[in-house]
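Each residue of the sequence shown is one higher than the last, beginning at 1133 in this note's numbering.
Just below is one structure, and these are the notes that go with it.
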Amino acid sequence: SYNERREVCESAVRILKDWLPGIRSLRDVPGEIFKQYAQRLPENIRQAASHVVGEIERTQLAVNQLEGGDINGFGKRMLESHASLRDLYHVSRPELDTMVRIAMELPGCLGARLTGAGFGGSTVNLVMRDQVDSFMETLKTRYHKETGIRSSITLCQAEDGAGTSALK
């Protein structure tokens, strides 16, 4: 299914090239420009492409929010991303949606979304440090109670990404 989503997005680029001949990928189409041409795409292609174009914009906004110390704004972008993955890209599952919903109802959770390629698996949650222990325990308990599924939670902390350093 992941490859199907990729092909749908490549189809969007091929179609949009009729009006935007210089594009090579959806990354080349700003959101405002995409909105001008979106209705010309078949519904399934429009939805997937809308997710990708929106995700690119959300990611840039999230970077700016993190750099500016707006952690609450970053959490909102995570939740918007999940909704887009669910509603436009169609890669979420009810179990993931339940996990995100429960997480967002708990004290200290600033954002939540599915992670990976979707179709099951994992969520990532942005939680205030002083709420982590109670968050993890309550999330596991409530999720099991609502779904009958036992989950595992792995605590991790964000770190700087890969980088380069001068070799001497």
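Backbone N, C-alpha and C fix where the C-beta goes; we use that ideal spot for every residue, glycine too.
- Its chain contains 1160 as the residues whose beta carbon lies nearer than 8 Å to that of residue 1154, once the 5 sequence neighbours on both sides are disregarded; these appear in chain order.
- About 6 Å separates the Cβ atoms of residue 1225 and residue 1251, confirming a contact at the 8 Å cut-off.
- Counting along the chain, residue 1286 sits inside no beta strand (DSSP E), nor does DSSP assign it H or E at all.
- The bridge partners DSSP lists for residue 1241 are 1259.
- In this structure residue 1234 is buried. Its beta-carbon is surrounded by 16 or more other beta-carbon atoms within 10 angstroms.
- Distance between residue 1238 and residue 1230, taken at the CA atoms: about 13 Å.
- Under a 10 Å Cβ-count criterion, residue 1207 is classified as buried, with 16 or more other Cβ atoms of the shown protein chains found around its own Cβ.
- Residue 1180 places its beta carbon 9 Å or farther from that of residue 1166.
- If you compare the alpha carbons of 1172, 1194, 1162 with that of residue 1185, the shortest gap goes to 1162.
- For residue 1215, the closest alpha carbon among the candidates 1232, 1170, 1191 is that of 1232.
- Judged by their CB atoms, residue 1248 and residue 1257 are not nearer to each other than the 9 Å cut-off.
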